[in-house]
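> The structure follows.
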Amino acid sequence: PHLQPLALRVLLSSSRSLTTATTATSSDDGNTSTPTANVVLIGAGWWSQGWHLPHLHRNERVKISAIVDSTPHPKSNLNPHLEPLETLAQRYNCPVYHSLTDLLQDPIGQSMDGAIVCTPHSTHFNIGQELIAEGKRRYDEAIQKGCGEDEKVVAYRPVNVLMEKPMTTNVREAKELHDLLMDRRAAEQTTDTGIGGGVGCFLINHSANYRPQARAAHALIQSGKIGTIRHVSAF
1462 PHLQPLALRV LLSSSRSLTT ATTATSSDDG NTSTPTANVV LIGAGWWSQG WHLPHLHRNE
1522 RVKISAIVDS TPHPKSNLNP HLEPLETLAQ RYNCPVYHSL TDLLQDPIGQ SMDGAIVCTP
1582 HSTHFNIGQE LIAEGKRRYD EAIQKGCGED EKVVAYRPVN VLMEKPMTTN VREAKELHDL
1642 LMDRRAAEQT TDTGIGGGVG CFLINHSANY RPQARAAHAL IQSGKIGTIR HVSAF
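For the sequence shown, this note's numbering gives the first residue as 1462, with consecutive numbering after it.
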């Protein structure tokens, strides 16, 4: 369960772009409350239904704006009681789509602040490419409209991505995604909003990286006290 707060921290506060682009909600008396992030969940399998969706739903700073899955009734050997998309749509009060492409062609997709990718591992590469391309499209569109340097962050919604591990199923695809992200960063010529050029943040979800023992190991390596690392064995 500690994994989901990490996901939300990434999508809610990882970049200044996300904060400035989120949708402000209003109370009945007209007062504007805390900004809400429009989060799309891609993949509605056992991990999403058991963890991501319930945690997102309980967070007052999140609006589940859409659920995407290629099948109307996800199946899993790990949980034989998964609910169909129709039921999920009613429970979480959001539309469902059967492809990321369909979502991005809809205004709801174009207004999303972040996406959590929780699909079969072999699909991560193509989905990652498509989300990065959407970020690039938004950024380029804002530039074409002639927004000034100071207005650039407010003028477009970056696409923040939290992708479940593994990033891809082979090193070549992982490097391609990394290169695409670095190209976008170079395009914007700034680092104050995370990875630039339309991508706010792209993180692989591995909550063990943030455990005390992992942080301690990282600090020890960074200090140089144990020399050059040649080999790591972990479980």
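For every residue, glycine included, the Cβ atom is placed at its ideal position computed from N, Cα and C.
What residue does the alpha helix (DSSP H) around E1625 start on, and which one ends it?
Unbroken run through E1625 is the beta strand (DSSP E), 1621-1625; no alpha helix (DSSP H).
> Taking the alpha-carbon positions, what's the S1580 to P1535 distance?
A small fix is needed here, since residue 1580 is Thr in this sequence, not Ser. Each residue's Cα considered, the two are about 11 Å apart.
> In the structure shown, what three-state DSSP assignment does I1687 receive?
If DSSP states are grouped into helix, strand and coil, I1687 belongs with coil.
> Taking the alpha-carbon positions, what's the I1682 to R1676 distance?
One C-alpha to the other measures close to 10 Å.
> Tell me the rounded alpha-carbon separation between K1524 and T1584.
Taking the straight line joining both Cα atoms gives about 25 Å.
> I think S1531 touches W1507, with their Cβ atoms under 8 Å apart; what is that distance to the nearest whole Å?
Actually they do not touch by this definition, with Cβ atoms about 15 Å apart.
> Please report the straight-line C-alpha distance between D1574 and S1668, rounded to a whole angstrom.
Each residue's Cα considered, the two are about 21 Å apart.
> Taking DSSP as the reference, what is the three-state secondary structure of G1575?
DSSP places G1575 in strand when its eight states are reduced to three.
> Got a sec? Which residues, its chain only, sit under 6 Å from G1589 by beta carbon, not counting five neighbours each side?
Here the set comprises L1638.
> List the endpoints of the continuous beta strand (DSSP E) containing K1606.
No beta strand (DSSP E) contains K1606, which DSSP labels as neither H nor E.
> Could you have a look at K1536 and say whether DSSP puts it in helix, strand or coil?
Looking at K1536 - three-state DSSP - the assignment turns out to be coil, as it is neither helix nor strand.
> In terms of residue numbering, what span does the beta strand (DSSP E) encompassing L1502 cover?
L1502 -> beta strand (DSSP E) spans 1498-1503.
> Select from A1594, P1556, L1549 the residue whose C-alpha is nearest the C-alpha of V1622.
Ranking the options by Cα distance to V1622, first place goes to A1594.
> Use the C-beta contact count for I1687: other C-beta atoms within 10 angstroms, 16 or more gives buried, fewer gives exposed.
It counts as exposed.
> Is the beta carbon of G1661 sitting closer than 7 Å to the one on P1627?
No, they are not a contact pair.
> Starting from L1549, trace the alpha helix (DSSP H) in both directions and tell me its first and last residue.
Residues 1546-1553.
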